[in-house]
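-11 is the number of the first residue of the sequence shown in my numbering; add one for each residue after it.
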Amino acid sequence: MRKLLTLSLVIVAVTLFAGQTKQESQKEFVMDKVEKSDQEWETCLTPEEYQILRENGTELAFTGEYYKHKEKGTYVCAGCGNDLFSSDTKYDSGSGWPAFFDALDKTKVNTKSDISYGMVRTEITCAKCDSHLGHVFKDGPKPTGLRYCVNSVALDFSPKK
Ligand SMILES: [Zn+2]
-11 MRKLLTLSLV IVAVTLFAGQ TKQESQKEFV MDKVEKSDQE WETCLTPEEY
39 QILRENGTEL AFTGEYYKHK EKGTYVCAGC GNDLFSSDTK YDSGSGWPAF
89 FDALDKTKVN TKSDISYGMV RTEITCAKCD SHLGHVFKDG PKPTGLRYCV
139 NSVALDFSPK K
């Protein structure tokens, strides 16, 4: 009986240890998240940014600062500065919002299903701070066939040096 008890203790210990190392190795792949309370977001964003980034808002078409913007550089998250899109993938989709046919890196932009307003769409969020950016559609140009439709308000621009 005692032998059995010792054996089960060993098993428990090994399981716990294995669990721990697994968690640690997973951590390496997770980006440093930016986590803020709604109140903190309210103080560091403008009311317009807050409405779009944190409440899944959408700016009016054809009004955004970056819709017709053509400079070379990187578009970063207005919430946390995470690099999101390159000017090399920006194109004029005619939709009224800045459009990109690819993200700078798939790990920087998360996607999730959005069924609000009676539509089935794929929402895109910043992988670092979970801010709402816009939506991604499958009617983009080659080579990806994707159209990342992003609110200008959700972006800041860092010109190429
Ligand atoms: Zn962000």
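Backbone N, C-alpha and C fix where the C-beta goes; we use that ideal spot for every residue, glycine too.
Every value quoted in this text rests on a predicted model; they were computed, and no experiment measured them.
**Request:** Give the range of the beta strand (DSSP E) segment to which Y105 is assigned.
**Result:** Run containing Y105: none; DSSP gives neither H nor E here.
**Message:** Measuring only the C-alpha atoms, how far is Q27 from T99?
**Reply:** When rounded, the distance between both Cα atoms is 25 Å.
**Message:** Check for me: the beta strand (DSSP E) holding T62 runs from which residue to which?
**Reply:** In the DSSP assignment, T62 falls within the unbroken beta strand (DSSP E) covering 61 to 65.
**Request:** Could you check which residue in S101, F145, T95 has the C-alpha nearest to that of M19?
**Result:** The residue among S101, F145, T95 with its C-alpha nearest the C-alpha of M19 is T95.
**Request:** Please name the residue, chosen from Y105, T31, T51, K60, that lies closest to V138 on a Cα-to-Cα basis.
**Result:** For the residues Y105, T31, T51, K60, the minimum Cα distance to V138 belongs to T51.
**Message:** Which same chain residues end up closer than 6 Å to K78 when comparing Cβ atoms and leaving out the 5 residues on each side of it in sequence?
**Reply:** Only F88 meet the Cβ criterion.
**Message:** Closer than 6 Å between the C-beta and any heavy atom of ligand 1: which residues qualify, listed along the chain?
**Reply:** Going along the chain, the residues that qualify are C65, G67, C68, N70, C114, K116, C117, S119.
**Request:** Have a look at the DSSP bridge pairing and note the partners of N98.
**Result:** Beta-bridge pairing links N98 to T113.
**Asked** Thinking C-alpha only, which one of G69, G82, S101 is nearest N44?
**Response** N44 has its Cα closest to that of S101, out of G69, G82, S101.
**Asked** In whole angstroms, what separates the C-alpha of D144 from that of P129?
**Response** For D144 and P129, the distance between alpha carbons rounds to 24 Å.
**Request:** Would you give the residue range spanned by the alpha helix (DSSP H) that D71 belongs to?
**Result:** Not the alpha helix (DSSP H): D71 falls in the beta strand (DSSP E), residues 71 to 74.
**Request:** Would you tell me roughly how many angstroms separate the C-alpha atoms of K126 and N70, rounded to the nearest one?
**Result:** Note on geometry: alpha-carbon atoms of K126 and N70 lie some 24 Å from one another.
**Item:** Close Cβ partners of E12 (< 6 Å) along its chain, the five nearest in sequence each way excluded
**Value:** Summary for E12: the model assigns pLDDT 45, below 50, so the residue's position carries little reliability; its value from the coordinates is reported in the next sentence. Here E12 has no same chain residue with a Cβ atom under 6 Å from its own Cβ, once five neighbours each way along the sequence are excluded.
**Item:** Which listed residue (P86, S119, K148, H57) has its alpha carbon closest to that of S25
**Value:** The shortest C-alpha separation from S25 is found at S119.
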